[in-house]
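Residue 27 is where the sequence shown starts when you use my numbering, and the numbers rise one by one after that. Beta carbons: idealized from backbone N, C-alpha and C, even for Gly.
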Amino acid sequence: MRTIGKLITADMPLGSLWRLNPEQEATLEKLHIATVHDLLRHYPSRYEEPGQAKHIADCAALETVTLTGTITKSEARRAFKKKTPLGEATLDDGTGTLTLIWFHQPYMAKKFGVGAQVQVRGQVRERNKKISIINPDIEFSTGETTPLLGSPKSLAPVYPASAGISSQWFAYHIGELLGRRAHERLSDPLPDDLRARYKLPSLSASLFYVHAPQRLSDARAAQKRFAFEEVFFLNLVRLRDRESYQELGSPRLAAPESALGQFTARFPFTLTSAQARAVAAILTDLARPRPMMRLLEGDVGSGKTAVAAIAAYATVLSGQEIAYMAPTEILARQHFESFIGYFAHLGVQVGLITGSECRKFPSKISAGWRTEEHTHISRAQLLKWVANGEIPILVGTHALIQKNVLWKALGLVIIDEQHRFGISQRMALARGKNAEHTQNNTKKSVPHLLTMTATPIPRTLALTIYGDLDLTLLDEQPVGRKPVITEIIPEGERERAYERMRAEIEEGRQAFIICPRIEEPDPEKELALEAKSAKSEAKRLQIDIFPEYEVGLVHGKLHLHEKEQVMKDFTERRLHVLVSTSVIEVGVNIPNATVIAIEGAERFGLAQIHQFRGRVARSDKQAYCFLFLGSRSAASVARLKAVVNAKNGFELAEKDLQIRGAGTLGGSAQSGLSDIGMEALKNLKMVEAARAEAAKIIDSDPTLAAHPLLHERLSRTQTIHFE
Ligand code: ADP
Ligand code: MG
């Protein structure tokens with residue numbers, strides 16, 4: 027350490043304490059570890075049991091052992107081929123010798139020089155009859171202050187290793203910080219009374235326990251505290267941002283009940299009671315001078331679009347505009363068309379804006395409102411009509427949040443499949459820009475926000491990552507929908523599933539076949555591989571299985587117009603079978619399709635399979651879902667049985683959370699939670715407690731003026747700022 031004797035404080039940059047090579051600097055930067063505080067907050071991912079105490083003469087390859095002896099040779103050098111800097115030492119315990127090697131840590135050889143009495147721990151390797159331990163944990167066995175970590179007597183923390191930085195690097199350096207009591211000098215951001223109430227250890231105790239536990243139970247207690255802390259602060263951020271957004275105010279949108287009654291009377295169905303409850307909650311929100319911030323969570327086919335249409339109509343009646351954003355062009359187009367269906371008879375114009383085209387309905391006013399025909403127009407023309415209020419409803423993709431989209435009076439923002447968008451995109455759209463505001467600087471108000479998702483989210487996740495939104499569940503399917511008959515198909519019985527497809531196609535229905543997910547860290551590569559497997563599967567089906575029918579193919583590598591053409595061919599029934607990668611997952615509505623088969627079903631989450639199944643649960647006809655297994659482990663069959671039996675997606679999302687962990691849930695990437703925080707999402711009681719505590723504080727002190735420590739901690743966290 028360069029600063030021997032100097033007091034170590036939280037904000038000290040690591041580079042002022044230790045010499046870091048450029049590779050290490052880059053890695054630390056990527057991990058957002060700059061200071062002492064950051065490094066102490068970098069937690070182990072697991073712990074290893076201490077190795078058995080042994081003599082070198084008795085060591086066997088691959089054993090994890092603890093050895094005590096003297097260093098008899100020690101040098102810092104570079105590896106022969108790759109020139110990696112390393113430290114190398116020889117350990118002698120009287121029964122034999124063994125080589126210790128630390129890659130990227132040549133200083134270890136200096137620290138543990140010839141004559142040092144040490145204890146080491148690690149896995150024994152054997153090569154050319156010589157034994158060694160790579161990156162062992164080591165400490166002086168007598169004299170000198172010793173780092174607290176990696177002590178062979180305690181559990182060894184294991185940190186995720188990255189380029190140039192091994193788990194041992196973390197263990198060693200964090201050990202030095204703990205040895206110099208840096209962890210005792212951090213202020214604990216969790217209020218004392220709150221810690222007392224939930225029996226959470228202090229920050230300094232937790233840091234010690236998490237990095238240097240004697241027992242696993244100590245580590246668990248520390249992890250629990252960090253999890254609570256994360257969820258608590260995430261909620262504090264969400265609730266504070268919600269408060270500051272709502273402070274901006276929004277137009278009251280009050281629609282006469284009679285008009286809304288006439289609007290819904292034309293629907294070819296009556297609303298389910300869940301839809302009616304959602305509509306009531308939304309209309310109450312819209313009539314307030316504070317912006318609605320609501321998440322409508324409804325299983326596939328539960329009828330969210332109709333609810334969105336009613337909210338849009340209430341907005342139109344108040345002379346305000348609506349932005350309706352969908353994650354893909356296919357979906358945007360579909361919403362555009364269904365909104366034309368809802369609004370054509372009222373003489374309300376509807377626009378569509380995507381990256382590749384702009385459209386408007388009606389194509390010509392003179393052509394009348396009943397044709398449902400729409401036409402291409404130029405972007406400039408469309409934007410002009412939106413800015414002057416002639417087109418009050420604009421449906422679109424991300425194109426909706428481009429800078430040049432100005433509104434006359436944006437009153438309501440609807441976001442479909444909201445988990446596909448980041449919170450910042452959501453807010454960019456919600457902020458909207460009204461043309462007149464930018465011109466004459468009138469007081470800014472913000473639009474109401476209705477977000478929707480068909481991805482069932484466990485309650486804990488909804489309470490954290492969507493903690494700024496009120497939640498409404500559409501937990502009821504329209505009457506007359508028959509549950510989809512779902513079957514796990516063993517490899518030998520495929521033909522049975524194909525027979526059912528043939529029978530359905532003969533009845534005039536259609537079928538989806540979903541190709542397996544290919545796990546690939548690089549998304550581009552993943553798309554390419556999936557496209558390839560979908561292509562060969564489509565070919566096989568066309569030639570070997572369904573030569574008498576038309577088989578189509580859609581995947582993520584197709585150009586947009588190709589995708590659209592395929593979807594159009596399928597919608598208009600020129601194709602009988604559609605082979606698809608998971609691009610079909612979201613929202614697509616083709617009521618005539620009654621069978622879906624999923625290849626490699628075990629590779630998908632339960633909630634996602636449920637989503638696929640939703641594609642064929644869109645009418646009153648009996649539908650079928652077949653799950654083909656790529657691997658037939660008992661565990662995957664047991665897991666898939668849950669899909670066979672479950673009736674709703676919420677139940678499955680909870681199961682996914684318990685079985686596969688929170689990491690596989692939609693939306694987790696944007697959550698800002700660490701692995702420890704995500705683990706906490708399995709614990710509903712704790713999440714509810716953390717949220718309730720955060721809400722209590724924001725209620726009484728919305729800007730946290732009276733809570734300086736909390737305020738300081740939040741300013742460390744990246745948040746969205748509203749202008
Ligand atoms: P999602 O919630 O998945 O977005 P949609 O809004 O696309 O569902 O609705 C699915 C289908 O159900 C549509 O064809 C829609 O017209 C129909 N639908 C919506 N509400 C009802 C209802 N209350 N009764 C019967 N059918 C309905
Ligand atoms: Mg939908």
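Proximity winner among the options, relative to residue i (alpha-carbon distances)
i	options	result
Ala-2	Leu-220, Val-577, Arg-359, His-474	Residue 2 cannot be examined here, being either before or after the span of the chain that is shown, 27 to 749.
Gly-381	Thr-401, Tyr-368, Ile-427	Ile-427
Glu-714	Phe-259, Arg-292, His-130	Phe-259
Ser-193	Gly-201, Ala-313, Val-184, His-199	Val-184
Leu-65	His-130, Gly-148, Leu-233, Ala-189	Leu-233
Asp-701	Lys-99, Leu-475, Pro-186, Ile-569	Pro-186
Arg-241	Arg-72, Ile-531, Val-577	Arg-72
Pro-111	Thr-125, Gly-120, Phe-129	Phe-129
Pro-294	Ala-716, Tyr-368, Lys-722, Arg-485	Tyr-368
Gly-493	Glu-89, Thr-477, Glu-530	Thr-477
Leu-126	Ser-158, Gln-143, Gly-120	Ser-158
Gln-167	Gln-145, Ala-182, Ser-188, Lys-155	Reading off the sequence, residue 167 comes out as Ser, not Gln. It is Gln-145.
Coil, strand or helix - residue i by DSSP
i	result
Gln-428	coil
Ser-167	coil
Pro-482	coil
Leu-33	coil
Arg-45	coil
His-11	Because the chain spans 27 through 749 in this model, residue 11 falls outside it and cannot be assessed.
Ile-539	strand
Ser-559	helix
His-237	helix
Val-62	helix
Ala-664	helix
Thr-423	coil
Asp-212	The question names Asp, but residue 212 is Leu in the sequence shown. The answer is coil: DSSP assigns Leu-212 none of H, G, I, E or B.
Arg-739	helix
His-402	strand
Val-184	strand
Asp-496	strand
Gly-113	strand
Ala-79	strand
Met-351	strand
Ser-364	helix
Met-319	strand
Boundaries of the alpha helix (DSSP H) in which residue i is found, first to last residue
i	result
Ser-100	Segment 90-104 is the beta strand (DSSP E) holding Ser-100; no alpha helix (DSSP H) there.
Phe-258	242-273
Leu-408	405-413
Leu-632	632-640
Arg-717	710-726
Thr-620	Counting along the chain, Thr-620 falls outside any alpha helix (DSSP H), though it belongs to the beta strand (DSSP E) covering 619-624.
Lys-594	586-597
Gly-675	675-686
Ile-544	No alpha helix (DSSP H) contains Ile-544, which DSSP labels as neither H nor E.
Gly-190	From DSSP, Gly-190 is part of no alpha helix (DSSP H); its letter is neither H nor E.
Whole-number beta carbon distance between residue j and residue i, since they are thought to touch under 8 angstroms
i	j	result
Ile-540	Ser-645	Contact flag wrong, Cβ pair sits at about 19 angstroms.
Leu-438	Ala-338	7 angstroms
Ala-435	Gly-415	7 angstroms
Leu-220	Glu-719	6 angstroms
Lys-137	Thr-116	Not quite, the Cβ-Cβ distance comes to about 15 angstroms (not below 8 angstroms), so this is no contact.
Ile-515	Ala-523	5 angstroms
Phe-254	Met-704	Rounded, the Cβ-Cβ distance is 13 angstroms, inconsistent with contact.
Thr-498	Asn-261	With a Cβ gap of about 19 angstroms, Thr-498 and Asn-261 do not count as contacting.
Gly-626	Pro-734	Contact flag wrong, Cβ pair sits at about 53 angstroms.
Residue span of the beta strand (DSSP E) that contains residue i, given as start and end
i	result
Trp-128	123-129
Arg-292	First-last for Arg-292: undefined, no H or E at that position.
Asp-218	First-last for Asp-218: 218-223, but that is the alpha helix (DSSP H), not the beta strand (DSSP E).
Met-38	It is not in any beta strand (DSSP E) - Met-38 carries neither H nor E in the DSSP assignment.
Ile-440	436-441
Lys-136	Where Lys-136 is concerned, there is no enclosing beta strand (DSSP E), although the alpha helix (DSSP H) it sits in stretches over 133-137.
Tyr-73	72-74
Thr-512	511-515
Leu-378	376-379
Val-342	Counting along the chain, Val-342 falls outside any beta strand (DSSP E), though it belongs to the alpha helix (DSSP H) covering 330-343.
Near the ligand FAD: residue i beta-carbon under 8 angstroms from a heavy atom
i	result
Asn-615	Because the ligand FAD does not appear in the structure shown, any question about it cannot be addressed here, the ligands present being the ligand ADP and the ligand MG.
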